[in-house]
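End of the sequence shown sits at 430 in the numbering used here; the numbers just go up one at a time, nothing left out.
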Amino acid sequence: MATAVKALSGKATTSSNSRPRSPKNKRGPTELVLITGMSGSGKGSVLKAFEDLGYYCVDNLPLELIQRFADLARQSPEIERTALVVDIREGGTLNRLPQILKQVKKTINTQVLFLEASDDSLVRRFSETRRPHPLGKSSSVANAISTERERLDFLRNLADVIIDTSKFNVHELRSHIIDKSQEGTNDHSILVSCVSFGFKHGVPNDADLVFAVRFLPNPHFIPEFRPLTGRHPKVAAYIRQFPQTQEFIDRISELLVYLMPHYIREGKSYLTVAFGCTGGQHRSVMIAEDVSKRLSKAGYHVKAQHRDSPK
């Protein structure tokens, strides 16, 4: 199974999604991304981006625990993708990392991502944040950066992907990681809830987008449909027969597919789209169901919920 790191390198990009697996139905081998590189190069931002992509993330895990962590991740039905940060903070034991990686790769699909930036960029970032360099207690930031670059050269040579973050700010780096990780895949790390409701009961408080579908013909006025809901095939067929119904579903689905990548880049993990009719029993239910199916076909994780519809 290809990994997000392979996507970053421009290789094959079929990735698994981030939903939990049952022990009897693992979709593929567990994936481990090891993030390393220069201090100030954005490792924390990249780790956060992987977390938003559904990875189980750990910062600065001691080297001696990496193999144990990999074994636990591989055995867990709840963990499919993991990301770790290992860097110069490990101290003198960092030289053991190549041998540890060699052993880990025997049991889990492992990729190494190395982040770097120009000396000028790193000096500027340390100046802006006013944080000390991990090696800078007894020397200038510039000297500490030079020393670190030399010490990490062996890790750079081990990397599957190298990213120069000099021209990225925090938000651009995060967006770059997410965009490249999802490029060419149907794996969209946002959970969409299509919620039906009745306006007479109030608009859902957690709705991000609200669409009124009261302009559609109301099945409530047809006696045989009155006790049914929009999930019933006859009711759904009745609503679908009108041209405005199909045009609305087409246009709303296209709009949502357009908007979704922008929400993802802004870090949104959940999106609630609410469809309202008068009572929340017929029209809104049918629309929520059909839009959910459209978004599912587009590769998104979608669930339809009916707040006011009779069970």
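We put the CB at the ideal spot given by N, CA and C, even for glycine. It should be emphasised that the depicted structure is a prediction, and the values quoted were computed from it without experimental measurement.
How long is the line joining the alpha carbons of residue i and residue j, rounded to whole angstroms?
{"i": "D427", "j": "G317", "result": "6 Å"}
{"i": "K286", "j": "M405", "result": "47 Å"}
{"i": "Q424", "j": "F340", "result": "24 Å"}
{"i": "A263", "j": "T226", "result": "36 Å"}
{"i": "F334", "j": "Y377", "result": "24 Å"}
{"i": "Y174", "j": "R187", "result": "18 Å"}
{"i": "K162", "j": "R193", "result": "24 Å"}
{"i": "R140", "j": "A261", "result": "Here the model assigns R140 a pLDDT of 36, short of 50, so the residue's position is not dependable and the matter cannot be decided."}
{"i": "R350", "j": "R370", "result": "21 Å"}
{"i": "Q222", "j": "N228", "result": "11 Å"}
{"i": "P251", "j": "I219", "result": "29 Å"}
{"i": "E183", "j": "L151", "result": "16 Å"}
{"i": "S92", "j": "V392", "result": "Look at the range of the chain in this structure, 120 to 430, and you will see that residue 92 is not part of it."}
{"i": "I398", "j": "I368", "result": "The sequence given here has Gly at residue 398, not Ile. Looking at the two C-alpha atoms, the distance is approximately 20 Å."}
{"i": "K353", "j": "M379", "result": "32 Å"}
{"i": "V177", "j": "P323", "result": "35 Å"}
{"i": "I207", "j": "S300", "result": "26 Å"}
{"i": "N144", "j": "E199", "result": "Any reading at N144 must be qualified, since the residue scores a pLDDT of 40, below 50, and its modelled position is unreliable; no value is offered."}
{"i": "V231", "j": "N276", "result": "10 Å"}
{"i": "R270", "j": "L191", "result": "30 Å"}
{"i": "T149", "j": "D279", "result": "17 Å"}
{"i": "K224", "j": "H295", "result": "26 Å"}
{"i": "P181", "j": "D272", "result": "20 Å"}
{"i": "R146", "j": "A189", "result": "Confidence at R146 is low in this model, with a pLDDT of 43, below 50, so the placement of that residue should be treated as unreliable; the coordinate-derived value is given next. Roughly 17 Å separates the two Cα atoms."}
{"i": "P338", "j": "I358", "result": "7 Å"}
{"i": "G210", "j": "G386", "result": "33 Å"}
Please list the terminal residues of the continuous alpha helix (DSSP H) segment that includes residue i.
{"i": "I468", "result": "Residue 468 lies beyond the residue range present for the chain, which begins at 120 and ends at 430; the question has no answer from this structure."}
{"i": "Q365", "result": "P362 to R384"}
{"i": "N262", "result": "V260 to R270"}
{"i": "E235", "result": "No alpha helix (DSSP H) contains E235, which is instead part of the beta strand (DSSP E) from N228 to E235."}
{"i": "L213", "result": "Neither: L213 is in no alpha helix (DSSP H) and is coded neither H nor E."}
{"i": "R193", "result": "I185 to Q194"}
So, with DSSP's three-state summary, where would you put residue i?
{"i": "A432", "result": "In this structure the chain extends from 120 to 430, so residue 432 is not present and cannot be described."}
{"i": "R200", "result": "strand"}
{"i": "S294", "result": "helix"}
{"i": "S403", "result": "helix"}
{"i": "G163", "result": "helix"}
{"i": "S300", "result": "helix"}
{"i": "D206", "result": "coil"}
{"i": "D325", "result": "coil"}
{"i": "F340", "result": "helix"}
{"i": "A168", "result": "helix"}
{"i": "L151", "result": "strand"}
{"i": "T122", "result": "Caution applies to T122, whose pLDDT of 48 falls short of 50 and renders its modelled position unreliable; the model cannot decide the point."}
{"i": "F334", "result": "coil"}
{"i": "N276", "result": "helix"}
{"i": "L347", "result": "coil"}
{"i": "F245", "result": "helix"}
{"i": "K416", "result": "helix"}
{"i": "L254", "result": "coil"}
{"i": "S411", "result": "helix"}
{"i": "S240", "result": "helix"}
Are residue i and residue j touching if we call contact CB-CB under 8 Å?
{"i": "V205", "j": "L216", "result": "yes"}
{"i": "A202", "j": "F233", "result": "no"}
{"i": "S315", "j": "A407", "result": "yes"}
{"i": "S372", "j": "L414", "result": "yes"}
{"i": "E101", "j": "S158", "result": "Nothing in the structure corresponds to residue 101, since the chain is present only between 120 and 430."}
{"i": "L390", "j": "Y382", "result": "yes"}
{"i": "S160", "j": "V289", "result": "no"}
{"i": "L166", "j": "I154", "result": "yes"}
{"i": "L328", "j": "H420", "result": "no"}
{"i": "T348", "j": "H401", "result": "yes"}
{"i": "F344", "j": "F394", "result": "no"}
{"i": "P342", "j": "F361", "result": "no"}
{"i": "E235", "j": "G321", "result": "no"}
{"i": "R384", "j": "I297", "result": "yes"}
{"i": "S312", "j": "K412", "result": "no"}
{"i": "P274", "j": "T284", "result": "The sequence given here places Leu at residue 274; Pro does not occur at that position. Cβ distance not < 8 Å, so L274 and T284 don't count as in contact."}
I'd like the span of the beta strand (DSSP E) that includes residue i, first residue to last.
{"i": "D283", "result": "V280 to D283"}
{"i": "Y389", "result": "Y389 to C396"}
{"i": "Y357", "result": "Run containing Y357: none in the beta strand (DSSP E); it sits in the alpha helix (DSSP H), P352 to R359."}
{"i": "V177", "result": "Y175 to D178"}
Per the DSSP calculation, residue i is bridged to which residue(s)?
{"i": "G156", "result": "L234"}
{"i": "V311", "result": "L390 and V421"}
{"i": "F316", "result": "G395"}
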